[in-house]
Every structure is written in C-alpha cells, then in structure tokens.
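Chemist:
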Amino acid sequence: MKHVLSNIRLPWLIFTLLVFSALVKLGFWQSARAIEKEERLHNIAQLSQTTALSLSEIQKLPLTNINDFPIKLKGEFEKGVLFLLDNQTNNGQLGYRVYQIFNANNQSLLVNLGWIVGSINRNELPNVKAITGSFELNGHIRLIEKGILLMEQQFSNVSWPLRIQQVEIDKLSLVAQKTLLPFVVYVNEDESLGYKKNWQPIVMPPEKHRAYAFQWFSLAIVWLILMFWASIKFNKADKTDNNKTKSENNNTKDLDV
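Sequential numbering of the sequence shown, starting at 1, is according to the numbering used here.
(1) Based on Cα-Cα distance, which residue from Leu180, Val184, Val19 lies nearest to Gln107?
(2) Over what stretch of residues does the alpha helix (DSSP H) that includes Ser170 continue unbroken?
(3) Can Val117 and Gln93 be called in contact, C-beta distance under 9 Å?
(4) Given the structure, does Gln215 come close to the ligand FMN, in the sense that its CB is under 8 Å from one of the ligand's heavy atoms?
(5) Sort out for me which residues DSSP pairs Leu53 with in a bridge.
(6) So what does DSSP say about Met1, is it helix, strand or coil?
(7) Take the Cβ of Trp115 as the centre, count every other Cβ of all protein chains shown within 10 Å, and call the residue buried at 16 or more, exposed below.
(8) Run through the DSSP bridge pairs and tell me what Asn79 is partnered with.
(9) Could you tell me the distance, in whole angstroms, from the CA atom of Glu38 to the CA atom of Pro205?
(10) In the DSSP assignment, the alpha helix (DSSP H) including Phe15 goes from what residue to what residue?
(11) Using DSSP bridges, identify the partner residues of Gln107.
(12) If I measure Cβ to Cβ from Val257 and keep anything under 6 Å in the same chain, skipping five residues before and after, which residues do I get?
(13) What residue range is occupied by the uninterrupted beta strand (DSSP E) comprising Gly139?
(14) Arg272 lies in the beta strand (DSSP E); which residues open and close that run?
(15) Please report the straight-line C-alpha distance between Trp29 and Trp12, rounded to a whole angstrom.
(16) Could you give the distance in angstroms between the alpha-carbon of Gln100 and the alpha-carbon of Lys178?
(17) What span of residues does the beta strand (DSSP E) with Tyr186 cover, start to end?
(18) Could you please give me the residues that DSSP links to Thr89 through a beta bridge?
(19) With a 10 Å radius around its C-beta and 16 neighbouring C-beta atoms as the bar for buried, classify Ala220 as buried or exposed.
(20) Are Leu73 and Leu85 close, meaning C-beta to C-beta below 9 Å?
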C-alpha cells in the first residue's frame, strides 16, 4: 500500500483530494440544511399554538427571530399599488403571487394575498384589482429570501399592477414611494381575503436533504475508490512500459556488440 501511495503523482493526488473534499462539503451542506428545516418545522408547530402578536409587539423582537410568527394586522390597504410576483406555479399552472401594501400604525408593509393564474401571453397581466378599505387580518411573518436573478430589476414607466421577478424591499419602496418594513405578511389560509393560499413554509423536506447528503457522501467514496484503482492501473502500465523500454535497450546493446 505504501509503495502504491508513494508512486501517485502529486497533481493527480491534489486533483483527487480537491474533488473528494468538494463532494464531502456538499454532503455536509445538505445535512446542515436538513437540520435547519427540522428546526424550522418544530418552531412553526410551536408558534401555531401561540396568540398572534400585533405589529408593535413584532417590532420589539429581533428581526432575525420573527420568521413564522403569527401576526394580527389592523389598518388599510394602499390604494392602487399592486405587485405581481412572476413565475409562481400551482399544480403545473403558471401564475403570480399578489402583493399589496398595507398601512398600520403609521407604517407600511407588504402583504401576500395569495396566488392567481396567469396568461400564456406574457404581455397580458391578470385582471386583478387592488383591495381598498380598512381590514383586520391574520397572517404570519416571512423574512424575505433572495433568489437568483438573471437580470437586475429595472422599473421604468411604472403602471399598476406591476410585474416583479423578486421581492426587493428597497426597490419596491422607491417605486411605491413608501418606506416598507423588511418583511412580508402572508395571509392565513382561513382568511377569506385574497386569493388562493397555496404557499408552503418549506418546499423541500428534511428527508430529501438527507437523501441528497447520502448521495454526495456516496459519490465521494466512489470517487476515492475509482481514483485509487486508476492510480494502481496507471502505475502498472508505467512499469510495463519501463520494462519494455529497458528490454529494447538491452537488445540494442547486444546487436551492437
């Protein structure tokens, strides 16, 4: 074994270890994500048994700790300002999530009112009107998770409803000319207000993350075995070529004599 390891070329060894380390790192990342999802599900289950907090009570808590907290809002919707989050599917249908600004306690925040179906024609937006009037509604807090944008959102010649690719609070605040709080309220499923409430707090369950982690760890082991086998095979091939060369050299010397 020591003889085989000593014969492994340094670049080959470095390449093998780099790929192995990357695969192991991906496995640990998926394992960590599984733990995060389990903790969040446990937290959601606990919070579902608690009384909804008011907006002022929510704001007394650290921002990083308010995710999934139940909230009761009392105020009125901003007239005419409506955002449609693009590329949202429901049972294979393409559609939008409807966001509207809600004013409460002299502050403004986005409220997710639910999902509506979209048109195949990308130039045609759904016929949806902004809700008006005063309301008291129940929902839960969602901190905004940034996704991957292929192009930066640019808003010019704004008309309502406004189609958006991602919820970016700072940009939407500028467009609406309102300072928005750094979170979104999702209306509860039992509220009649809004549209189809098809959201899920967790899209990929912990079990799936663990399955992916197992795959990455398995690939790391297979890679290590494969590269070790290939190294032995190449070493044997090199020895055969060296012996053949030596034999040919010896034969040439004999002929010269």
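Glycine included, C-beta positions come from ideal geometry on N, C-alpha and C.
Since we're looking at a predicted model, the values are computed, not measured.
Modeler: In brief:
(1) As a position in the sequence shown, residue 107 is number 107, starting the count at 1. Taking only the C-alpha atoms, the option nearest Gln107 is Leu180.
(2) Within the sequence shown, residue 170 is the residue found at index 170, counting from 1. At residue 170 the sequence reads Asp, which differs from the Ser that was named. First-last of the alpha helix (DSSP H) with Asp170: 169-176.
(3) One-based indexing of the sequence shown puts residue 117 at position 117. One-based indexing of the sequence shown puts residue 93 at position 93. Yes, these two residues count as a Cβ contact at 9 Å.
(4) Ligands in the displayed structure: none, and consequently the ligand FMN is not present.
(5) Start at 1 with the first residue of the sequence shown, and residue 53 comes out as number 53. According to DSSP, which records beta bridges pairwise, Leu53 is partnered with Ile71.
(6) On the sequence shown, residue 1 is found 1 positions in, with the first residue counted as 1. In this predicted model, Met1 has a pLDDT of only 47, less than 50, meaning its place in the structure is not dependable enough to derive any value.
(7) What you label residue 115 is simply residue 115 of the sequence shown in a count that begins at 1. With 16 or more other Cβ atoms within 10 Å, it is buried.
(8) Residue 79 sits at position 79 when you count from the first residue of the sequence shown. A small fix is needed here, since residue 79 is Lys in this sequence, not Asn. Its beta-bridge partners do not exist; DSSP assigns none.
(9) By one-based count along the sequence shown, residue 38 stands at place 38. By one-based count along the sequence shown, residue 205 stands at place 205. Computed Cα separation, rounded: 8 Å.
(10) As a working mapping, residue 15 is identified with position 15 in the sequence shown. Where Phe15 is concerned, the enclosing alpha helix (DSSP H) stretches over 10-47.
(11) Taking the sequence shown and counting its residues from 1, the one referred to as residue 107 is at position 107. BP columns for Gln107 point to Ala104.
(12) Along the sequence shown, read from residue 1 onward, the residue named residue 257 stands at position 257. Note on Val257: pLDDT 48, under 50, position unreliable in the model; no value is reported.
(13) Your numbering for residue 139 matches position 139 in the sequence shown. Gly139 -> beta strand (DSSP E) spans 134-142.
(14) A query on residue 272 cannot be resolved here, the shown segment of the chain reaching from 1 to 257 and no further.
(15) As a first step, residue 29 must be located in the sequence shown, where it is residue number 29. As a first step, residue 12 must be located in the sequence shown, where it is residue number 12. If I take the Cα positions, the gap works out to 26 Å.
(16) Taking the first residue of the sequence shown as position 1, residue 100 is located at position 100. Taking the first residue of the sequence shown as position 1, residue 178 is located at position 178. Each residue's alpha carbon lies about 12 Å from the other.
(17) Residue mapping note: residue 186 aligns to position 186 of the sequence shown, counting from 1. Taken as a continuous stretch (DSSP letters only), the beta strand (DSSP E) holding Tyr186 covers 180-187.
(18) Reading the sequence shown from its first residue, position 89 is the one you call residue 89. The partner list for Thr89 (beta bridge, DSSP) reads Leu94.
(19) Against the sequence shown, residue 220 aligns to sequence position 220. Buried, since its Cβ has 16 or more Cβ neighbours within 10 Å.
(20) Taking the first residue of the sequence shown as 1, we reach residue 73 at position 73. Taking the first residue of the sequence shown as 1, we reach residue 85 at position 85. Result no, Cβ atoms of Leu73 and Leu85 do not sit closer than 9 Å.
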